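Working notes for the structure below.
Numbering (this note's numbering), first residue to last: 115 to 203.
See the structure below:
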């Protein structure tokens, strides 16, 4: 599903215009991004977004066999709620 399709589905279910649904979508994504950066967000019935750390490591370039130092970094993880997992089965 693309952003355009998601916005159209939100507009249909919420009985609002596509323009209003697009503004709500953009605001929600912005708020989620800000809050995830502060440590995490739990959306009941959907799941939890959390910032995890990845340690520095040494990897190999599969093409050349050369070793590469991969620096430590922070990545966003997602764990689906039980309700969402049940819908996916």
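Virtual Cβ for every residue (Gly too), placed ideally from N, Cα, C. Only a predicted model underlies this, so the values are computations on that prediction, with no experimental measurement involved.
What does the Cβ neighbour count give for residue i, buried or exposed, with the cut at 16 atoms within 10 Å?
i: residue 169; result: exposed
i: residue 135; result: buried
i: residue 155; result: buried
Tell me which residue opens and which closes the alpha helix (DSSP H) that residue i is part of.
i: residue 202; result: 196-202
i: residue 130; result: Looking at the DSSP string, residue 130 is not in any alpha helix (DSSP H), and its letter there is neither H nor E.
Can you list, in chain order, the residues of its chain with a C-beta nearer than 8 Å to that of residue i? Leave out the 5 residues immediately preceding and following it.
i: residue 150; result: 163, 164, 165, 190
i: residue 121; result: 132, 135, 136, 139
i: residue 182; result: 172, 173, 174, 175
Out of the options, point me to the one whose CA is closest to residue i's CA.
i: residue 118; options: 145, 142, 133; result: 133
i: residue 184; options: 193, 177, 158, 173; result: 173
i: residue 198; options: 157, 178, 179, 186; result: 157
i: residue 188; options: 127, 141, 142, 152; result: 152
On the DSSP letters alone, give me the boundaries of the beta strand (DSSP E) that residue i sits inside.
i: residue 173; result: 171-174
i: residue 167; result: 161-168
i: residue 156; result: 154-157
i: residue 181; result: 181-184
Can you tell me the Cβ-Cβ gap for residue i and residue j, rounded? I've got them flagged as a contact below 8 Å.
i: residue 161; j: residue 195; result: 5 Å
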